[in-house]
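In what follows, a structure is listed as structure tokens, so that the remarks can point back to it.
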Amino acid sequence: MKKITLLATLMIVALLSFITSASAVGTDKEYTPVPPSEDTVTVLISTIQNENGQLSIQADPIEWYEGAAADQKFLEREKDAAEELGGAPDGYYIVNDDNTLQTYEVAPNAQVLMQIYDHDGTYEGMDIQWNEAVSLDKYLAIMHNDKLMDMKTFPYHLIIQDGKVVKIVQQYIP
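Taken in order, the sequence shown gives residues -24 to -1, 1 to 150; the numbers are from mature numbering (1 follows the signal peptide of the UniProt record, and there is no 0).
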């Protein structure tokens, strides 16, 4: 079921990229990968909730690869498809061999950066705005609004310090 939902979201995002590419062109911001680090875990979010003023995320950690690393991992794991396609489709590859959920406590002052989401209830309002900062309250609202796009189908990079998530970065999927 998760694969079907991810596929549906990827199809919507592909369609939206045609709609929104004009708004992304000419801006001074552009896509930049989140650099891997010991403090960063990439996840697919299952639930996000606020209980008694404490925000927590329950998520499935994944391995996220881009560019040449994605091509290499794709070739290792899907040799026939990699030879036919010449590399990882769309320049990224996700490995998720263990679906165990982890719970992450979110710091009250955590920074959130989004790439694409429903700004105004219209498909036209889902334009790409690279690393758009939103408040934690706004992030909760975005994550609970699945009318046009389920935001839980996107990977997120969680930067963790002292056992708490201090930064959440949505991973754009081309």
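Note that beta-carbon positions come from the ideal geometry of N, C-alpha and C, so glycine has one too. None of the values given here were measured: they were computed from a predicted structure.
| Query | Result |
| --- | --- |
| Residues in its own chain within less than 8 Å of residue 153 by CB, not counting five upstream and five downstream? | Because residue 153 is not part of the residues shown, which for the chain are -24 to 150, the question remains open. |
| What is the residue span of the beta strand (DSSP E) that Asp36 lies within? | Gln30 to Glu42 |
| Mapping the DSSP letters down to three states, classify Lys5 as helix, strand or coil. | coil |
| Helix, strand or coil, according to DSSP, for Pro11 in the structure here? | coil |
| Output the distance between the C-alpha atoms of Glu42 and Pro150, rounded to the nearest integer angstrom. | 11 Å |
| With H, G and I counted as helix, E and B as strand and the rest as coil, what does DSSP make of Lys114? | helix |
| Spatial neighbours of Gly101 within its chain, please: CB distance less than 6 Å, with the 5 preceding and 5 following residues excluded, ordered by chain position. | His95 |
| Can you give the Cα-Cα distance for Ala(-1) and Trp106, rounded to whole angstroms? | Only weak support exists for where Ala(-1) lies, its pLDDT of 36 falling under 50; the coordinates are left without a value. |
| Any idea if Leu61 is buried or exposed, counting beta-carbon neighbours within 10 angstroms, 16 or more meaning buried? | exposed |
| If we call anything under 9 Å between Cβ atoms a contact, is Ile38 one with Ile144? | no |
| Roughly how many whole angstroms lie between the Cα atoms of Ala117 and Val110? | 10 Å |
| Can you tell which of Asp122, Ile70 and Gln25 has its C-alpha closest to the C-alpha of Asp47? | Ile70 |
| Would you check if the distance between the CB atom of Lys55 and the CB atom of Gly97 is smaller than 9 Å? | no |
| Please check the pair Glu81 and Val141, which I expect to be a contact at CB under 8 Å, by giving their CB distance rounded to whole angstroms. | 7 Å |
| What distance in whole Å lies between the Cβ atoms of Asp15 and Ile135, which are believed to be in contact at a cut-off of 8 Å? | 5 Å |
| If you run the structure through DSSP and keep just helix, strand and coil, what is Thr129? | helix |
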